[in-house]
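Trainee:
Residue numbers (my numbering): 1075 to 1217.
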C-alpha cells in the first residue's frame, strides 16, 4: 500500500465532505491499486465504493462546511459532547470534516493534519481532547 496515495485520497475526500468511513475505504482501495491487473485489481465492491466517492471530488463547494451541513444543531450529531469539544477547540484551525472524524473517535485525522501542515500545538490540543474522551470510554469501546 502507498501511504502517500492513501493520505492524499483520504484528505481530498474528507475535505470535500465525504463520510469518514467511506473516505477511509476508498483511500485504501486507491492506495492498493495494481496497474498490472485488470480494473487495477479492484473487486466489484471496490468499484462501487469508488463510484460512491466520485461526487465528493467532482462537486466541490467552497461555501459549504461539509460534515455538519446535514445537522440542525450539535445535539443532532452522533456524539454531541465530542463534537462540541472538538469544534470549540479546533474550529477555524482544522477542516470541519477532520473535526467531525475526530469527534467520531477516528485516529486518521492526526496524520492528515500533519500532512496539511497544521501546527503541532493544534494537533496536541486535539490529541488531548481525544485522550480525555477515551479515558471516559466516551465512544463505548472496550479497553
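The beta carbon of each residue, even a glycine, is placed where N, CA and C say it ideally should be. Every value quoted in this text rests on a predicted model; they were computed, and no experiment measured them.
From this set, 1123, 1185, 1131, 1107, which residue's C-alpha is nearest residue 1201's C-alpha?
Mentor: That would be 1185, whose Cα lies nearest to the Cα of residue 1201.
Trainee: Taking just the CA atoms, how far does residue 1149 sit from residue 1114?
Mentor: Distance between the alpha carbons of residue 1114 and residue 1149: 42 Å.
Trainee: What is the DSSP secondary structure of residue 1179, counted as helix, strand or coil?
Mentor: Correct three-state label for residue 1179: coil.
Trainee: Please report how far the alpha carbon of residue 1087 lies from the alpha carbon of residue 1145, in whole angstroms.
Mentor: Spanning the two alpha carbons is a distance of roughly 19 Å.
Trainee: Who are the near neighbours of residue 1158 in its chain, counting only those whose CB is closer than 6 Å to its CB and skipping five residues on each side?
Mentor: 1148.
Trainee: Can you give the Cα-Cα distance for residue 1172 and residue 1183, rounded to whole angstroms?
Mentor: Approximately 6 Å between the Cα atoms of the pair.
Trainee: Are residue 1094 and residue 1175 closer than 8 Å when you measure CB to CB?
Mentor: Yes.
Trainee: Output the distance between the C-alpha atoms of residue 1101 and residue 1084, rounded to the nearest integer angstrom.
Mentor: Computed Cα separation, rounded: 5 Å.
Trainee: Check the Cβ-Cβ distances between residue 1192 and every residue of chain B, and say whether any is below 8 Å.
Mentor: Note that chain B does not occur in the displayed structure, where there is just one protein chain.
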